[in-house]
Amino acid sequence: MKTQEIADFIGGKLVGDGRIEIHSVASVESASVGQITFIGKSSTVIASNASCLIVPDDFPSGIFNSYIRSSNPKLDLSRIAAVLHPAKKPIYEIHPMTMIAKTAFIRENVFVGPFACVGERSEIGSGTQIRHGASIGDNVKIGRNCIIYPRVYVEDGTTIGNDVILHTGVVIGADGFGYVKDDCGYTKFPQVGTVVIENNVEIGANSCVDRGSLGETRIGEGTKIDNLVQIAHNVRIGKRVVIAAQTGISGSTVIEDDCVIGGQVGMGDHATVLSGAIIGSQAGVLPGKIVRAGVWWGTPVQPLDEYKRQNAQLKGIGRLKDSVRSLSERLAAIEDRAGDNDRAE
Amino acid sequence: MKTQEIADFIGGKLVGDGRIEIHSVASVESASVGQITFIGKSSTVIASNASCLIVPDDFPSGIFNSYIRSSNPKLDLSRIAAVLHPAKKPIYEIHPMTMIAKTAFIRENVFVGPFACVGERSEIGSGTQIRHGASIGDNVKIGRNCIIYPRVYVEDGTTIGNDVILHTGVVIGADGFGYVKDDCGYTKFPQVGTVVIENNVEIGANSCVDRGSLGETRIGEGTKIDNLVQIAHNVRIGKRVVIAAQTGISGSTVIEDDCVIGGQVGMGDHATVLSGAIIGSQAGVLPGKIVRAGVWWGTPVQPLDEYKRQNAQLKGIGRLKDSVRSLSERLAAIEDRAGDNDRAE
Amino acid sequence: MKTQEIADFIGGKLVGDGRIEIHSVASVESASVGQITFIGKSSTVIASNASCLIVPDDFPSGIFNSYIRSSNPKLDLSRIAAVLHPAKKPIYEIHPMTMIAKTAFIRENVFVGPFACVGERSEIGSGTQIRHGASIGDNVKIGRNCIIYPRVYVEDGTTIGNDVILHTGVVIGADGFGYVKDDCGYTKFPQVGTVVIENNVEIGANSCVDRGSLGETRIGEGTKIDNLVQIAHNVRIGKRVVIAAQTGISGSTVIEDDCVIGGQVGMGDHATVLSGAIIGSQAGVLPGKIVRAGVWWGTPVQPLDEYKRQNAQLKGIGRLKDSVRSLSERLAAIEDRAGDNDRAE
Chain A
1 MKTQEIADFI
11 GGKLVGDGRI
21 EIHSVASVES
31 ASVGQITFIG
41 KSSTVIASNA
51 SCLIVPDDFP
61 SGIFNSYIRS
71 SNPKLDLSRI
81 AAVLHPAKKP
91 IYEIHPMTMI
101 AKTAFIRENV
111 FVGPFACVGE
121 RSEIGSGTQI
131 RHGASIGDNV
141 KIGRNCIIYP
151 RVYVEDGTTI
161 GNDVILHTGV
171 VIGADGFGYV
181 KDDCGYTKFP
191 QVGTVVIENN
201 VEIGANSCVD
211 RGSLGETRIG
221 EGTKIDNLVQ
231 IAHNVRIGKR
241 VVIAAQTGIS
251 GSTVIEDDCV
261 IGGQVGMGDH
271 ATVLSGAIIG
281 SQAGVLPGKI
291 VRAGVWWGTP
301 VQPLDEYKRQ
311 NAQLKGIGRL
321 KDSVRSLSER
331 LAAIEDRAGD
341 NDRAE
Chain B
346 MKTQEIADFI
356 GGKLVGDGRI
366 EIHSVASVES
376 ASVGQITFIG
386 KSSTVIASNA
396 SCLIVPDDFP
406 SGIFNSYIRS
416 SNPKLDLSRI
426 AAVLHPAKKP
436 IYEIHPMTMI
446 AKTAFIRENV
456 FVGPFACVGE
466 RSEIGSGTQI
476 RHGASIGDNV
486 KIGRNCIIYP
496 RVYVEDGTTI
506 GNDVILHTGV
516 VIGADGFGYV
526 KDDCGYTKFP
536 QVGTVVIENN
546 VEIGANSCVD
556 RGSLGETRIG
566 EGTKIDNLVQ
576 IAHNVRIGKR
586 VVIAAQTGIS
596 GSTVIEDDCV
606 IGGQVGMGDH
616 ATVLSGAIIG
626 SQAGVLPGKI
636 VRAGVWWGTP
646 VQPLDEYKRQ
656 NAQLKGIGRL
666 KDSVRSLSER
676 LAAIEDRAGD
686 NDRAE
Chain C
691 MKTQEIADFI
701 GGKLVGDGRI
711 EIHSVASVES
721 ASVGQITFIG
731 KSSTVIASNA
741 SCLIVPDDFP
751 SGIFNSYIRS
761 SNPKLDLSRI
771 AAVLHPAKKP
781 IYEIHPMTMI
791 AKTAFIRENV
801 FVGPFACVGE
811 RSEIGSGTQI
821 RHGASIGDNV
831 KIGRNCIIYP
841 RVYVEDGTTI
851 GNDVILHTGV
861 VIGADGFGYV
871 KDDCGYTKFP
881 QVGTVVIENN
891 VEIGANSCVD
901 RGSLGETRIG
911 EGTKIDNLVQ
921 IAHNVRIGKR
931 VVIAAQTGIS
941 GSTVIEDDCV
951 IGGQVGMGDH
961 ATVLSGAIIG
971 SQAGVLPGKI
981 VRAGVWWGTP
991 VQPLDEYKRQ
1001 NAQLKGIGRL
1011 KDSVRSLSER
1021 LAAIEDRAGD
1031 NDRAE
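From first to last, the protein sequence lines are chains A, B and C. The letter at position 13 of the first sequence is residue 13 when you use this note's numbering, and the numbering goes up by one with no holes. The number in this note's numbering is simply the position in the second sequence, starting from 1, with 345 added. The number in this note's numbering is simply the position in the third sequence, starting from 1, with 690 added.
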């Protein structure tokens, strides 16, 4: 792809040579001939061996031979990277060593890799890849242009939209964790619900989304989930939510649209995170808690300002203790003198 | 199953029509014709389109057309759900595309799914399912009526009882994390022990139970473990213990019978959790710590009452600081006057 | 192996019978005839049914019939265990039910288990095992004598050294978690980098190491990583680092040589942990933080001494509050008397 084509594609203004051939993206530091990179802020003006750079609109001229001005260089690099580095497209074929039910409905242009399974009455949409050893249960519906990585497991009855990416080892629709205690121990509460994953969701490696116990677990459109995340039964996650690695969401908790959840966050059951909330890493949300829009941190979770103030106060306890000791001494001195006066009187 | 049959099965008293056909369970809100649900507490009297409800003994009459009185409606719903929604029973067969050692001993009525393996001298009990791609090592003994979900891995020498459920991606018997440091780095300490999983245990998706280093790791009868939990080498977990998602138990720690451990709890090595202890989510148990019966929380873990008091005190530091400042001012006023008096004398 | 041979192998001094046949290692408590164990400290003199013991140099004589003096008994037991309990060596063969690309380069003495895959142009070094269902992508280079356990996934372009152990379910080279937000939601930032795993690394079950976004993610020589650990894109981990279970390291963070990281630790992005730092379990390292050598704990992470002092102070708030109340009363008494005096004057 030539630099002028890239400028046209991202809608930016090219300065310099438009005929340079670009084959891949790279970081500013590692880029070399034939590569394109980006500069996020004009303050960090540095050298780069890239053949072309995407730079902010206010970037000073004359530093690089070929560059493209953009109102959002990082986004535009991401857009061009998707063209230069398309997801691996295997030849669409059903590998002979697979186990596909006779009643499964595989659309055109589908890849099913070796040792994968597709169950009874399941439908795989056009352009979707089911990679090595992935396991699709019965009555599953997977939309178009999805990538189901190796060893993903999708339980019976799950519905998955279009353009969904499930990374290696993801488990969708395992039984939720629900029991009823009696004198003899624990009896399994029914885990017979379903999972719905909407369009354009991405779920990271070895993450788990449990099926609803009696209803559904739902992941909203455009939501992105990192590795090793646990989503319990009946959780409902809205659209464009971001959840970082190793976070766990307990049963029936609701996360509304456009929330950002850090890594290793724990949420109790039946909590509600309102649209626009940002929860810092390692925070803990108590069961039933309602978290409003804003930035939150700590366990139990509190507004970031309060968390910071409390943390500062915590660090000030030593000084406070010293103050109290000094007050006590000053008071004792007064009491002594008062005693002397009394005796003097 | 007719409503009268359900009442007979759970030993409850049917009120209303006993001939209604019920095919499945559902939540109170989503239930419709042909479904049964339950009401946990009589205070929450609400509408439901369910054809039958299991209600508490003291539930007021006349609200629903057909219902069954029960001393534990949730438990009884769970019991009837196990009948209405039995675990999927594939046709018992050894799929032709499997790899089963000649010396393996597969009992009658066993399912081994496509691309699964069973190693040398391993025994699979009657009624057990080894699903797609699961991997059973050598010298493994698995009891009756177990469900080994896709991609489970059971290492050599593991013993598994009856009615055990291992969800997708579970790893039983991987090497524990033990090394000896010397000048050149870390040498692996032997990880040559075993794992024993007793009857009626359930382990959630992508959880790990490491083999003992020199002895055994043991999970007691009726214990339930959620997703993404880490059980280290030589841990001993008692009977009827519940462990929520993403909790990690370090080496040689003992958890006695009937404990409840929340999610994302971390336990150091050689700790002991005595029978009946309840440990809240995200708590941290120090190595060697003994946790008595009762409710515990926080890092380091402390009795819930203390944790709450400390948390309240923490929130009170600001006020305390104000008090000290005010005391200091009052004291200064007295000191000033005392100084005036001194000068006046 | 006879006791004299063991003494010669570890370079220790045998006392007693050198012709006893030893077949395996065991713990002091469980050892029986034909087994060898070790005693770490001479103070713990106890009985054992082991046929031979490795004991410290200063261990008192006469207690056991056959023992070997060693300057590091635990290390020497580990060394002899590696001989007595070698990692399972399958017959080197390519199982017929595998999917190996024609352009893959499999060296001599390689095991590829059933249902495993090796992609285009990938090279598998001599003595390496690719077990049941493991998936090796394209252009991967794996060195000599590695053990790739069942269901491991190694993404395209990864480089793995010699003597590396990847436990079951490990995912190497999945996409990192990086997006650019715009008005419509999140656009994937390119995740087109690589992973390099140096010699003698061991990674625990179900752990994840993401590929670099534009550069590489690197795990240094001799580093040991436990189960369910998350290593994000572009993280660089040095040599001989130990990371316990369920810890998560965010993007671009650097951990230098010889660090020890506890379990369930969370590290923000672009942090730096300097050589020799020890970070306690459940600690939280803020983004960009530099952690120096020494012992650290808590969230946000602080030197262990400070953490302990702060924790003690926290426990002392109740007493501090009492002190302030008592001061206030004493002060009020003085103020009262001063008022009386004033009135008296």
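Even for Gly, the Cβ is constructed at its ideal location relative to N, Cα and C. Fair warning: this is a prediction, and the values are worked out from it, not measured in the lab.
Cβ shell of residue i (< 6 Å), same chain only, five flanking positions each side left out
| i | result |
| --- | --- |
| glutamate 5 of chain A | none |
| glutamine 230 of chain A | Cys208, Gly248 |
| alanine 590 of chain B | Asp571, Asn572, Leu573, Gly608 |
| threonine 849 of chain C | Lys831, Val886 |
| glycine 883 of chain C | Arg901, Gly902, Ser903, Leu904, Gly905, Glu906 |
| valine 265 of chain A | Thr247, Ile279, Ala283 |
| valine 201 of chain A | Val164, Ile219, Thr223 |
| tyrosine 876 of chain C | Tyr869 |
| proline 804 of chain C | His785, Met787, His822 |
| valine 171 of chain A | Tyr153, Cys208 |
Contacting residues, own chain, Cβ-Cβ under 8 Å from residue i (five flanking each side not counted)
| i | result |
| --- | --- |
| valine 110 of chain A | Tyr92, Ile94, Ile124, Gly125, Ser126, Gly127, Thr128, Gln129, Ile130 |
| valine 835 of chain C | The question names valine, but residue 835 of chain C is asparagine in the sequence shown. The residues are Gly815, Ser816, Gly817, Thr818, Asn852, Asp853. |
| alanine 697 of chain C | Lys703, Leu704, Gly708, Ile758 |
| asparagine 544 of chain B | Gly488, Gly506, Asn507, Asp508, Val509, Glu566, Gly567 |
| valine 773 of chain C | Met691, Phe699 |
8 Å Cβ cutoff, residue i in contact with chain B
| i | result |
| --- | --- |
| aspartate 873 of chain C | no |
| phenylalanine 805 of chain C | yes |
| arginine 131 of chain A | no |
| proline 993 of chain C | no |
| glutamine 920 of chain C | no |
| methionine 691 of chain C | no |
| valine 235 of chain A | no |
For residue i, the residue or residues it bridges with in DSSP
| i | result |
| --- | --- |
| lysine 486 of chain B | B:Glu468, B:Thr504 |
| methionine 444 of chain B | B:Cys462 |
| valine 55 of chain A | A:Arg69 |
| threonine 348 of chain B | In DSSP, threonine 348 of chain B forms no bridge with anything. |
| glutamate 711 of chain C | C:Lys692 |
| threonine 382 of chain B | B:Leu398 |
| phenylalanine 450 of chain B | B:Glu468 |
| isoleucine 439 of chain B | B:Val457 |
| lysine 358 of chain B | B:Arg414 |
Neighbourhood of residue i by C-beta distance below 7 Å, restricted to the same chain and skipping five residues each side
| i | result |
| --- | --- |
| alanine 376 of chain B | Thr382, Ser393, Asn394, Ala395 |
| tyrosine 652 of chain B | Trp642, Gly643 |
| arginine 240 of chain A | Gly222, Thr223, Asp257, Asp258 |
Beta carbon proximity, residue i to chain C, threshold 8 Å
| i | result |
| --- | --- |
| asparagine 551 of chain B | yes |
| methionine 267 of chain A | no |
| glycine 470 of chain B | no |
Proximity test, Cβ basis, 8 Å: residue i and chain A
| i | result |
| --- | --- |
| tyrosine 843 of chain C | yes |
| valine 428 of chain B | no |
| lysine 447 of chain B | no |
| glycine 730 of chain C | no |
The ligand ZN heavy atom lying under 7 Å from the CB of residue i
| i | result |
| --- | --- |
| isoleucine 492 of chain B | As presented, the structure is devoid of all ligands, the ligand ZN included, so that no description of it is given. |
> Taking a cut of 9 Å between CB atoms, which residues from the region 306-322 of chain A lie near chain C?
Replying inline: Listed by position along the chain: Asn311, Leu314, Lys315, Ile317, Gly318, Leu320, Lys321.
> What beta strand (DSSP E) runs, 3 residues minimum, are completely inside the region 173-244 of chain A?
Replying inline: Here the runs fully enclosed are 179-182, 185-188, 194-197, 208-210, 216-219.
>> As an exercise, report each continuous beta strand (DSSP E) stretch of at least 3 residues that is fully enclosed by the region 242-315 of chain A, in chain order.
In response: Taking only runs of at least 3 residues, the beta strand (DSSP E) segments lying wholly in the region 242-315 of chain A are 277-279, 294-297.
> Between the region 850-863 of chain C and chain B, which residues of the former have a C-beta closer than 9 Å to a C-beta of the latter?
Replying inline: Look at the region 850-863 of chain C: the residues with a C-beta under 9 Å from a C-beta of chain B are Ile855, His857, Thr858, Gly859.
>> Please list, in chain order, the residues of the region 903-914 of chain C that have any C-beta partner in chain B closer than 7 Å.
In response: Within the region 903-914 of chain C, the residues whose Cβ lies closer than 7 Å to some Cβ of chain B are Gly912, Lys914, listed in chain order.
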